[in-house]
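Numbering-wise, my numbering comes out as the position in the sequence shown, counting from 1, plus 35. Backbone N, C-alpha and C define an ideal beta-carbon position, used for all residues, glycine too. Computed from a predicted structure; not experimentally measured. Comments concern the structure below.
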Amino acid sequence: MITFKGKGVYGAVAIGHISVFKRNETSVKRIHVDDVAAEKARLETAKEKASQQLSEIYNKALKEVGEANAQIFEIHIMMLEDDDYNDSISSIIETQSVNAEYAVAVTADNFAEMFSSMDDAYMQARSADVRDISNRIIKCLSEEDGESSASDEKVIICADDLAPSETVLLDKDKVLAFVTAYGSSNSHTAILARNMNIPAIIGVGEEFLKTVKCGDMAIVDGFTGEIFVNPDDDTISRLEKKKTDDEEKKRLLQELKGKENITLDGTKINIYANIGSVDNIGAVLASDAGGIGLFRSEFLYLENTDYPTEEQQFSAYKRVLESMAGKKVIIRTLDIGADKQADYFNLAKEENPALGCRAIRICLTRPEIFKTQLRALYRASIYGNLGIMFPMITSVSELERILAICEEVRNELQDDGIAISNKTELGIMIETPAAAIISDRLASMVDFFSVGTNDLTQYTLACDRQNAAIEQFVDTHHEAVLRLIEMSAKNAHEHGAWIGICGELAADTALTETFLRMGIDELSVSPSFVLKIRDAVRHCNLKKEVTL
Ligand code: PEP
Ligand code: MG
């Protein structure tokens, strides 16, 4: 048995086999082949396999995210059959006597370059699609050489690190746990693991990946951050017991379903859930959350290889609102940039991306993207109780511009005879020290605040949330952060706005009473933490004197 230790980001135990995560960007070598016909036959088999995979993905997407979102996979299937694309691959194999992988990779480069040099934005975006299908064929070609991963068994995914876009694309039905060599606890990958309700450990170190191999038996202890590879019998029985005890504790929490979020002295609070995808709604409904406090809409963009259209977005937002049947649904507008990258945005490389052109700054510099999202949101607003929230706010003038664009969109829709709700609340994230400090000015302009403690902590303590090396300097209970939250709560209430917290700190039960004493109206957490927070709230007594 070998034991590795990192940081647990979701407390639970998983026992199973390891699967080492392979990136799509397979590095391709140019290899001479003697038998060109055999190489072309290999290519045909791989293409058939790719096409079959795409049909399966299409059917899954159709069920989970609707027709509009699934369409992209239909386009991929069509591209696989494109004559020009296929002629180019065959001709490279024939004329150069080279392996199929190489011919596919060269064709992908040529076509991607051709698409991206076109004037039309739609055609430009096809560049990412052609790379995507080519990577799939290359992967199918290499799987044929014995690297198959087509198993239905749930596995422990081990990787150097996972980008948020890679995490959202993993098949959730096949993931038992995550373990990564690098990464930090507030990264979006860690947040996604919590949302997915699965044990996860990050930052176990480089040695780990050199040691483990696909198929190794392992136990992940998300509480202690330990992973036991090829565990001995004692460890297996100890961790099996821990797993059963944990499941029993979580089962007991289920008894709180249907109960109020009320303190011993009678103060009530809303407990909502955070989601990153329409797929998470089942978990929200099962968690008994009173609403959705944060829908990170950028994951709709990360799941796509092109800008999601107004129709695609509309159907996703409508689905969330309808599923929540009149409960509050707060959808945050696009928060892309920094660690959340989508190739088709073609964002410039930045020295300090967390301080760069991200989130609302992209929306204000590229208003066509922003307006498309706002149109979809307002159109969906009649299907439920919508709140629209804007990320990364730092100034009054920025908020004035945003509100003016919202008004413009509402007027355009009304002129087109499209019905919209007049009850949609508008709010902002308090996630920069600037926003907290001027929260008195901002509060009178909006209906609500939601504190993004992940970014607020990063910017207040000057600690990059992506940098695992400085985690020792991140005091999540730092007085400066707590004072900024308290100041924002006071200002919100004095100016007629309500205030919630949707960053990861909202799930920290050591602070539940502190937040309630500050007058926080809502806590929004991963669905798996809703009942835990309800339990903590029900144990608080705000009438009891506290000595400082
Ligand atoms: C935050 O910053 O706390 C937040 C909720 O937003 P995100 O984690 O998506 O940046
Ligand atoms: Mg944030």
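Under a Cβ-count criterion, where at least 16 other Cβ atoms within 10 Å of its own Cβ denotes burial, should residue i be classed as buried or exposed?
| i | result |
| --- | --- |
| Ile53 | buried |
| Leu434 | buried |
| Phe330 | buried |
| Ala471 | buried |
| Glu188 | exposed |
| Ala76 | exposed |
| Glu148 | exposed |
| Gln507 | exposed |
| Glu74 | buried |
| Val581 | exposed |
| Asp256 | buried |
| Pro402 | exposed |
| Met424 | buried |
| Ile453 | exposed |
| Leu244 | buried |
| Ile128 | buried |
| Gln449 | exposed |
| Asn134 | buried |
| Asp556 | buried |
| Thr130 | exposed |
What are the residues that DSSP puts in a beta bridge with residue i?
| i | result |
| --- | --- |
| Glu403 | The partner list for Glu403 (beta bridge, DSSP) is empty, contrary to what the question assumes. |
| Phe146 | According to DSSP, Phe146 bridges with nothing at all. |
| Phe39 | Ile262 |
| Ile254 | Ile50, Phe263 |
| Thr215 | Ala194 |
| Glu442 | Answer by DSSP bridge pairing: none, since Glu442 is not bridged. |
| Ser559 | Tyr307 |
| Gly535 | Ser485, Glu557 |
| Ile124 | Partner(s): none; Ile124 has no beta bridge. |
| Ala235 | Tyr45, Phe213 |
In the structure shown, what three-state DSSP assignment does residue i receive?
| i | result |
| --- | --- |
| Phe263 | strand |
| Asp300 | coil |
| Thr33 | Residue 33 is absent from the model: the chain starts at 36 and stops at 583. |
| Ala222 | The residue asked about is misnamed: residue 222 is Ser in this sequence, not Ala. If DSSP states are grouped into helix, strand and coil, Ser222 belongs with coil. |
| Leu197 | coil |
| Asn230 | helix |
| Ser132 | coil |
| Phe56 | coil |
| His530 | coil |
| Tyr45 | strand |
| His111 | helix |
| Ala308 | strand |
| Glu290 | helix |
| Glu435 | helix |
| Ile66 | coil |
| Leu89 | helix |
| Glu591 | As displayed, the chain neither begins before 36 nor continues past 583, which places residue 591 out of reach and without an answer. |
| Glu73 | The amino acid occupying residue 73 in the given sequence is Ala; Glu does not appear at that position. Note: Ala73 maps to helix in three-state DSSP. |
| Leu461 | strand |
| Val581 | coil |
| Val210 | strand |
| Ile455 | coil |
| Ala394 | coil |
| Lys248 | coil |
| Ser152 | coil |
| Thr467 | coil |
| Cys575 | coil |
| Glu79 | helix |
Under 8 angstroms, do residue i and residue j count as touching if we go by C-beta distance?
| i | j | result |
| --- | --- | --- |
| Gly260 | Ser559 | no |
| Tyr352 | Ala411 | yes |
| Leu115 | Ala138 | no |
| His530 | Asp374 | no |
| Asn339 | Asn230 | no |
| Leu299 | Cys575 | yes |
| Met553 | Glu521 | yes |
| Ala225 | Asp195 | no |
| Val486 | Ile465 | yes |
| Ile237 | Val44 | yes |
| Ala198 | Phe213 | no |
| Met359 | Gly422 | no |
| Gly538 | Asn489 | yes |
| Val565 | Ile173 | no |
| Ser152 | Val71 | no |
| Arg436 | Leu409 | no |
What are the start and end residues of each continuous alpha helix (DSSP H) run of 4 or more residues lying completely inside the stretch 310–384, in chain order?
Complete alpha helix (DSSP H) runs here, min 4: 316–322, 333–337, 345–358.
Please go through the stretch 407–433 and give each complete beta strand (DSSP E) segment of 3 or more residues, from N-terminal end onward.
Taking only runs of at least 3 residues, the beta strand (DSSP E) segments lying wholly in the stretch 407–433 are 420–425.
Identify every run of the alpha helix (DSSP H) within the stretch 474–521, keeping only runs that are complete inside it and at least 4 residues long; order them along the chain.
Whole alpha helix (DSSP H) segments, 4+ residues: 474–478, 488–496.
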